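So the protein sequences, as listed, match chains C and U.
Quick note: the first sequence uses this note's numbering, first residue 1, plus one each step.
Quick note: the second sequence uses this note's numbering, first residue 75, plus one each step.
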Amino acid sequence: MRDGIETARQGLPSVALVTEEFWPQGDFVAQSFGMPTIPRVQLPHPVAGTGVESMRIIAEKVVPEIIAALEGAK
Amino acid sequence: MTDLLEAVDEYQALEDLHEAGCTDGLPVVIPTPERVERMVLASGLDGGLSLGNMGPSGAAATVEKVAVAAVMAGALPDYMPVVMAAVRAVTAPEFDSTEMQGTTHCLAPVIIVNGPARHSCGPVASGFGCLGPGHRANASIGRSLRLVMMNVGGARPGISDMALHGHPGKFTFCLAENEEDSPFSPLHTLRGYDVAQSAVTVAGVEAPESVLGVVDADDPTSARKLLRGIGQSLGRVGANNAHFGRGAGVVVLNPDHAAALARAGLDRDDVTEGIFEFAVNRAGDLKAVATFDRRALKAEHDDVILPAFRSPEDILVLVAGGGGLYSMVMPSWGAGPHHNPSVSVEIETDQFCEVPGIAPNGSIDAPNG
C-alpha cells in the first residue's frame, strides 16, 4: 500500500494489489497516509505459494482490473 | 488537548475503553484528566510536545498521549522518563514502526534499561524473573509503550497489526541489565553513552527462548560450547534471521554464564563475535526447509555457511536474570526498509519533576497539597 501511495505521490499512475485478508489493513494505511482513494485491486488470499497454475488463473482475472485502475488513475 | 470521553463511573469507563478497543484486553487505570495531568507534570515537559510519530497511523505521540497510556498501564510517575525514551526509540525513523506493527511476523519491542535510571526510575528488575510477572516497573513501562503503539499508532490485531499470532511480549516486554553482576561493560556504553548516563535500547524481536548451557570448570572447551549453544539457538533454522541474514538479535546471559565466559578470558567483544560465529546455517539445511533465501538457493554447494546476522554489532548481549543453567535468546525479523535494527535513546532524568500531591508511595490518587 505504501509503495502505491509513494509512487502515486510522484505523479505516476499507481494501483496497489492487496489480498482480501489484508484489505482492512489497506484501508487503515490508505487513510493514515492521506490517500484513502488510492486505486486498489483485490486478490484472493493467499497468492504466494499457491503454484504457477493458480497464479496464472488469478493473473488472468485481475490484469483487466489492474489496467482499468491504471487508466482511471491517469 | 486529547478529546475527553464521559462515563457515569469508572466501571462503565473501563467497559467503554474495552469496547472501543483502547485496551490490551486487561483492565486499565482510567485516565482521568487529573491523573493524566499529574503524569504530564512529572515528565517536566509540555503536554503538547511530540516525542515522535508512531506508525502505522503516523500520529504524533505527544507527552500527554504517552501520559494517558502510562496512567492506563498502571505506571508510576517515576517511570515516565523511561517510557518517554522508549517511545522516542520506537518512533525513530530507522525503527520502522509502521512496518514493525504491520508485519505478519510476531514482533514486539523489548525495552532494555541501562544506567542509574534503573534505580531512580524504577526499580526496573534485572534479576530473577525479570521478563516475567511481579515487577511493577517492568510490567507497566512495557505496557505503557504497547498502549501507545495501539492507541497512538493505531495497531489493532487483524486490521492494522497483522501479526499472525503475536506473542506474550506484546503485552509488556521490559527489563534492565544487571550491570553490578556483569563482568562486561554495560550495553549502552557500546552506543557511546557513559556509565553514568541512562539509556533504553529497543529491538523488535520474537519471544524470548531459553538456551540450556551446562558450565564445567574442568572442561577447557566449556565457554566455547556455551557460545555454540547460544549462537545456534539465536540463528536457528526457523528464525527469520537465518533466511534474511540480517536484523537485530538479543542475548540475555544469566550472571553465571557471563562469569564463566569471563573466567575463560573472554570480554564482551569476544562473546559477541563467538555468538555471531555460531549463528550460522549450512545452505543445505536452509534449502531442506521452506526458504526464500537466495543465498541458499543459489549456493554452489550445500556446505556453504550462511550467517544469520550481518555483523557481531547487530547482536546485543546483556546480563540479566537469576544465576543458573539458562540464558535467553531473541531472534528478530530482518525485514523492513531499515532491516530491523536496534535503537538506543538516552533517558533524560534531569527533566523529571516531583509532583506535589503524589504520595511517597507514588499513588497518583493522593489528595492535592
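For each residue, glycine too, the CB sits at the ideal point set by N, CA and C.
Given the structure is predicted, the values throughout are model-derived calculations rather than measurements.
Same chain, Cβ closer than 6 Å to residue i, five either side skipped, listed in chain order
i, result
"ALA182 of chain U", "GLY243, LYS244, PHE247"
"GLY232 of chain U", "none"
Within chain U, partners of residue i - CB distance below 8 Å
i, result
"VAL41 of chain C", "Going along chain U, no residue has its Cβ under 8 Å from VAL41 of chain C, so there is no contact; the nearest lies around 19 Å."
Where the alpha helix (DSSP H) containing residue i begins and where it ends
i, result
"VAL145 of chain U", "137 to 147"
"MET128 of chain U", "Element bounds for MET128 of chain U: not the alpha helix (DSSP H) but the beta strand (DSSP E), 124 to 128."
"SER256 of chain U", "From DSSP, SER256 of chain U is part of no alpha helix (DSSP H); its letter is neither H nor E."
"GLY323 of chain U", "No alpha helix (DSSP H) contains GLY323 of chain U, which is instead part of the beta strand (DSSP E) from 323 to 327."
"ARG109 of chain U", "107 to 117"
"LEU380 of chain U", "Not the alpha helix (DSSP H): LEU380 of chain U falls in the beta strand (DSSP E), residues 379 to 381."
Residue interval of the beta strand (DSSP E) (run including residue i)
i, result
"TYR400 of chain U", "400 to 404"
"GLN42 of chain C", "40 to 43"
"SER284 of chain U", "283 to 286"
"GLY278 of chain U", "273 to 279"
"ASN188 of chain U", "182 to 188"
"ARG310 of chain U", "Premise fails: ARG310 of chain U is in no beta strand (DSSP E) and is neither H nor E."
Identity of the residue in the options nearest residue i by Cα
i, options, result
"PHE383 of chain U", "U:GLY321, U:GLU420, U:LEU205", "U:GLY321"
"SER385 of chain U", "U:VAL226, U:HIS412, U:GLU351, U:PRO411", "U:GLU351"
"SER214 of chain U", "U:GLY196, U:LEU380, U:VAL226", "U:GLY196"
"ILE185 of chain U", "U:HIS179, U:VAL157, U:GLN175, U:THR178", "U:VAL157"
"VAL198 of chain U", "U:TYR153, U:GLY408, U:GLN175", "U:TYR153"
"LEU300 of chain U", "U:GLY323, U:ASP376, U:LEU340", "U:LEU340"
"GLY312 of chain U", "U:TRP407, U:MET146, U:ALA149", "U:TRP407"
"ARG9 of chain C", "C:PHE33, C:PHE22, C:TRP23, C:VAL18", "C:PHE33"
"GLN328 of chain U", "U:PRO257, U:ASN414, U:PRO405, U:SER117", "Looking at the sequence shown, residue 328 of chain U is not Gln but Asn. Comparing Cα-Cα distances from ASN328 of chain U to each of U:PRO257, U:ASN414, U:PRO405, U:SER117, the minimum goes to U:PRO257."
"ALA211 of chain U", "U:LEU335, U:PRO151, U:THR365, U:ASN225", "U:PRO151"
"SER272 of chain U", "U:ASN188, U:ALA133, U:SER296", "U:ASN188"
"LEU446 of chain U", "U:THR365, U:VAL363, U:MET146", "Residue 446 of chain U is absent from the structure shown; chain U starts at 75 and stops at 443."
Residue i: contacting residues in chain C (beta-carbon distance under 7 Å)
i, result
"GLY121 of chain U", "Residues of chain C passing the Cβ test: none, with the nearest at roughly 23 Å."
"GLY176 of chain U", "GLN25"
is_contact[residue i, chain U] using C-beta, thresh 9 Å
i, result
"PRO64 of chain C", "no"
"GLN25 of chain C", "yes"
"SER14 of chain C", "no"
"ARG9 of chain C", "no"
"ARG56 of chain C", "no"
Residue-level contact to chain C via CB, residue i, 9 Å cutoff
i, result
"THR165 of chain U", "no"
"SER234 of chain U", "yes"
"SER131 of chain U", "yes"
"THR172 of chain U", "yes"
"GLY216 of chain U", "no"
"GLY126 of chain U", "no"
Proximal chain U residues relative to residue i, where beta-carbon distance stays under 7 Å
i, result
"PRO46 of chain C", "By Cβ distance, chain U contributes nothing, its closest Cβ being about 11 Å from PRO46 of chain C, past 7 Å."
Interface residues of chain C facing residue i [CB-CB closer than 8 Å]
i, result
"GLY228 of chain U", "PHE28, SER32"
Same chain, Cβ closer than 7 Å to residue i, five either side skipped, listed in chain order
i, result
"SER171 of chain U", "MET128, GLY129, VAL164, THR165, GLY227"
"VAL29 of chain C", "MET1, ARG2"
Nonlocal neighbours in the same chain, by C-beta distance under 8 Å from residue i, ignoring five residues either side
i, result
"LEU123 of chain U", "THR136, VAL137"
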